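Q: Residues in the sequence shown are numbered consecutively from 80, following this note's numbering.
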Amino acid sequence: MNAATIDKDPRHDLTRRYENLLKTFTSSKLELVETDSVCLKMALENYSKDKNIENFVFSAGVNYDSYTSS
Numbered sequence: 080m081n082a083a084t085i086d087k088d089p090r091h092d093l094t095r096r097y098e099n100l101l102k103t104f105t106s107s108k109l110e111l112v113e114t115d116s117v118c119l120k121m122a123l124e125n126y127s128k129d130k131n132i133e134n135f136v137f138s139a140g141v142n143y144d145s146y147t148s149s
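(1) For V136, count neighbouring C-beta atoms within 10 Å of its own C-beta (all shown protein chains included) and say buried if the count is 16 or more, exposed if not.
(2) Which of the three DSSP states is assigned to S149 in this structure?
(3) Have a look at I132 and P89 and give me their C-alpha separation to the nearest angstrom.
(4) 8 Å is my cut-off, CB to CB: does L101 come that close to chain E?
(5) How would you label L100, buried or exposed, when you count the other beta carbons within 10 angstroms and need 16 or more for buried?
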C-alpha cells in the first residue's frame, strides 16, 4: 500500500490507520483464514514467537514505508 508515501496529511492519519489495521491481525481473538500475502503469513509466524510488534508491522507491510523514527 505504501501508505506513508501517499499520506500528505501532516498528522499522518492514513499511515497510523494502516499500521493499526496491521496490528489487529496479531489479536489472539482472530484467526487468519486465508491470504495471498506471504509477508503477512511469515510476519504472523514470527510474531507468535517473539511478540515484537515493530518487527511485525515492518514485515507484514510488504513494500511499505512508515513515518516512525526507526
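Glycine included, C-beta positions come from ideal geometry on N, C-alpha and C.
Small disclaimer: the values here were computed from a predicted structure and weren't measured.
A: Answer, in terms of the structure:
(1) Position 57 of the sequence shown, counted from the start, is the residue given in the question as residue 136. Buried, since its Cβ has 16 or more Cβ neighbours within 10 Å.
(2) Taking the sequence shown and counting its residues from 1, the one referred to as residue 149 is at position 70. Annotation note: pLDDT 47 at S149 (below 50); position unreliable, coordinate value reported separately. Coil at S149, not helix or strand.
(3) On the sequence shown, residue 132 is found 53 positions in, with the first residue counted as 1. On the sequence shown, residue 89 is found 10 positions in, with the first residue counted as 1. Distance between the alpha carbons of I132 and P89 is about 24 Å.
(4) Protein chain content of the structure displayed is limited to a single chain, and chain E is not contained in it.
(5) Looking up residue 100 in the sequence shown gives position 21. With fewer than 16 other Cβ atoms within 10 Å, it is exposed.
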